[in-house]
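S.K.:
Residue numbers (my numbering): 63 to 582.
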């Protein structure tokens, strides 16, 4: 058994002694296959309880824990049936034999957590896997727990800035919200989530949320690259990574998001804000299906067990903004779902759409046309809406959605532009420039005060009428640079007041800048 699993056993049963075990606490293995053991003779066992299974010669508990060749492995009880229980092995099943002794621990599966977790990479059991040594624990949090009731929650009204213009202006996310990121493979779902984490660097330290990135069934190389990117940008200073990669057992992939949200609840209970990314819940559902079918749970629609909806609902319902009596903390969730050929009506996508407070839909066609991020405004929605926007953003984002809707509607007629009347051509030209301004490079989130200026510039006909479409991004970039160098107080005022009151001064600056640019 690995040292990591042994460490977990040590934590879970530190107060447990075999001397305390009665006959009722002992059972026997009936069968073992594919990581699942069927156990007979265990009375009063709980779902999610840890049990110890004998694998070799009898030793004292201390010897088992301290010895790498321990004689017992740990398993997690998931099925309680009339005459037996079924448990998933969290270590190696190779040495488990029929008739082996099983001991109850009376301990529910939990994960150790403390402030020292920040900046670290851990597995689904909370064990460090980044080679930086052990993590000192403050307390243990149950992986499964009851969610907060309606009266314990507060309205979601404080923005969580993603740094992405298309999202912060049209599909705003609030602290305590659950916003689904959905789209086909390779459309930039993870990029949006990581950019949101990187953008928290633009927030003041006292308002910066603690970020948790949960990797479920992803390639280890992809997770390693994400961690390297976050370290390079300074984001690991406020981020925890929970990794259960493609090579991890299905049980670990199943537990990973619950471990992530349990860590988030530790910080939320201290009145802090948390942002958690589940990448992705499609693979989580597949891992759960794999476990469930081995546990002989009956499959239903598309071969998923009937409780797969409950699986994701009890996970995502733990995201909340709690009231001031409970500290006023929040957990914001960004679950990711991968679709096949854009089919949002499939089983798992519809499940998660119905659980969350809106979705950001990424369109492969837009992505292939070079619109990055490839947000489909027609299918994307935030059910919190402008309640989670600053006054500055609210003031400039109004025209964006309208112009984008007009653009999509008239886009089909672009090829017949010679037949369009001048007024329609002009409207199309302005809308196309807004689309161009909403394009953004990877790992380049913008602080919201710069987004405010950018959207004000792009949606104002007076500023862009003399610019070619190809010039928009370059002019926008240089404009923001010039404003930061020459008039930083204008950006500072928007950042501090969260309002856009000095429009005349900004307008004067932009007109002067664009005028000089077009003369070149």
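Glycine included, C-beta positions come from ideal geometry on N, C-alpha and C.
No experiment lies behind these values; they were computed from the predicted model shown.
#1: Report the partner residues of residue 401 according to the DSSP bridge assignment.
#2: Compare the C-alpha of residue 415 against each of 428, 525 and 443 and name the closest.
#3: Rounded to whole angstroms, what is the Cα-Cα separation between residue 203 and residue 326?
#4: With H, G and I counted as helix, E and B as strand and the rest as coil, what does DSSP make of residue 421?
#5: Tell me, to the nearest whole angstrom, how far the beta carbon of residue 260 is from that of residue 507; I am working on the premise that it is less than 8 Å.
#6: Can you give me the Cβ contacts of residue 192 inside the same chain, cut-off strictly under 7 Å, excluding the 5 residues immediately before and after it?
#7: Below 8 Å between beta carbons: does that hold for residue 393 and residue 323?
#8: Between the Cα of residue 111 and the Cα atoms of 169, 97 and 465, which residue gives the shortest distance?
#9: So for residue 215, helix, strand or coil by DSSP?
#10: Work out the CA separation of residue 222 and residue 336 for me, nearest whole Å.
#11: Using the C-alpha atoms, what's the distance from residue 272 back to residue 127?
#12: By the DSSP assignment, the beta strand (DSSP E) with residue 203 in it spans what residues?
#13: Could you pull the DSSP bridge partners for residue 326 from this structure?
#14: For residue 183, which three-state DSSP category applies?
#15: Given a cut-off of 8 Å on the beta-carbon distance, is the pair residue 218 and residue 383 in contact?
#16: Exposed or buried, which one is residue 194 when buried takes at least 16 other CB atoms within 10 Å?
#17: Residue 100 by DSSP, collapsed to three states: which one?
#18: What are the boundary residues of the alpha helix (DSSP H) that includes residue 166?
#19: Could you give the first and the last residue of the continuous beta strand (DSSP E) run that contains residue 90?
#20: Got a sec, what are the start and stop residues for the alpha helix (DSSP H) residue 372 sits in?
#21: Along the alpha helix (DSSP H) that carries residue 506, what are the first and last residues, could you check?
#22: By how many angstroms is the C-alpha of residue 352 removed from the C-alpha of residue 100?
#23: Residue 401: buried (16+ other C-beta within 10 angstroms of its C-beta) or exposed?
#24: Which term fits residue 117, buried or exposed, when burial requires 16 or more other beta carbons within 10 angstroms of its beta carbon?
#25: Let me check understanding here. Comparing Cα to Cα, which of 555, 107 and 97 lies closest to residue 88?
#26: Could you spell out where the beta strand (DSSP E) holding residue 306 opens and where it closes?
#27: Pick out whichever of 251, 389 and 360 has its Cα sitting closest to the Cα of residue 328.
#28: For the region 138-156 against the region 305-317, are there 3 or more C-beta pairs whose distance is under 8 Å?
#29: Would DSSP call residue 366 helix, strand or coil?
#30: Give me, in chain order, the residues of the same chain whose beta-carbon lies closer than 6 Å to that of residue 124; leave out the 5 immediate sequence neighbours on both sides.
#31: If you follow the beta strand (DSSP E) that residue 210 is part of, which residue opens it and which one closes it?
#32: Given a cut-off of 8 Å, decide if residue 517 and residue 568 are closer than it, judged by their beta-carbon atoms.
#33: Using the three-state DSSP reduction, which class does residue 586 fall into: helix, strand or coil?
#34: Going by CA-CA distance only, name the one from 537, 432 and 524 that's closest to residue 249.
#35: Alpha carbon to alpha carbon, how far is residue 367 from residue 398?
#36: Is the Cβ-Cβ distance between residue 357 and residue 148 less than 8 Å?
M.R.: Reading it off the structure:
#1: The secondary-structure analysis by DSSP pairs residue 401 across a beta bridge with 246.
#2: The alpha carbon of residue 415 has as its nearest neighbour, out of 428, 525 and 443, the alpha carbon of 443.
#3: Between the alpha carbons of residue 203 and residue 326 lies a distance of about 10 Å.
#4: Reduced to three states, the DSSP call for residue 421 is strand.
#5: 5 Å between Cβ atoms; contact.
#6: Counting only Cβ-Cβ distances below 7 Å, and skipping sequence neighbours, we find 182 and 183.
#7: The criterion of a C-beta distance shorter than 8 Å is satisfied by residue 393 and residue 323.
#8: Closest option to residue 111, Cα to Cα, is 169.
#9: Residue 215 falls in the strand class under three-state DSSP.
#10: Each residue's CA atom was taken as its position, placing residue 336 and residue 222 some 10 Å apart.
#11: Only weak support is given to the placement of residue 127: the predicted model assigns it a pLDDT of 40, under 50, and the value that follows is read from those uncertain coordinates. Each residue's Cα considered, the two are about 33 Å apart.
#12: In the DSSP assignment, residue 203 falls within the beta strand (DSSP E) that extends over 201-204.
#13: Partner residues in a beta bridge of residue 326, as assigned by DSSP, do not exist.
#14: Residue 183 carries a strand assignment under DSSP once its states are collapsed to helix, strand and coil.
#15: Yes, they are a contact pair.
#16: Exposed: under 16 other Cβ atoms inside 10 Å.
#17: In the three-state reduction of the DSSP assignment, residue 100 falls in the strand class, which pools E and B.
#18: Element bounds for residue 166: not the alpha helix (DSSP H) but the beta strand (DSSP E), 163-170.
#19: Where residue 90 is concerned, the enclosing beta strand (DSSP E) stretches over 88-95.
#20: From DSSP, the alpha helix (DSSP H) with residue 372 extends over 370-378.
#21: Careful: residue 506 lies outside any alpha helix (DSSP H) and carries neither H nor E.
#22: For residue 100 and residue 352, the distance between alpha carbons rounds to 16 Å.
#23: Residue 401 is buried by the Cβ-count criterion.
#24: Under this definition residue 117 is a buried residue.
#25: Answer by Cα proximity: 107.
#26: Segment 301-306, the beta strand (DSSP E) holding residue 306.
#27: Among 251, 389 and 360, the Cα nearest to that of residue 328 belongs to 389.
#28: Three or more Cβ pairs closer than 8 Å define a contact, and the region 138-156 meets that threshold against the region 305-317.
#29: Here residue 366 carries a coil assignment [DSSP, helix/strand/coil].
#30: Its pLDDT being 46, under 50, residue 124 is placed unreliably in this model, and the value from its coordinates should be taken loosely. Within the same chain, and ignoring the five residues on either side of residue 124 in sequence, no residue has its Cβ closer than 6 Å to its Cβ.
#31: In the DSSP annotation of this structure, residue 210 is not part of any beta strand (DSSP E), being labelled neither H nor E.
#32: Between residue 568 and residue 517, the gap from beta carbon to beta carbon reaches 8 Å or more.
#33: Beyond the ends of the chain as shown, which are 63 and 582, falls residue 586; an answer cannot be given.
#34: It is 432 whose Cα lies nearest to the Cα of residue 249.
#35: C-alpha separation (whole angstroms): 20 Å.
#36: Yes, the pair counts as a contact, with Cβ atoms nearer than the cut-off.
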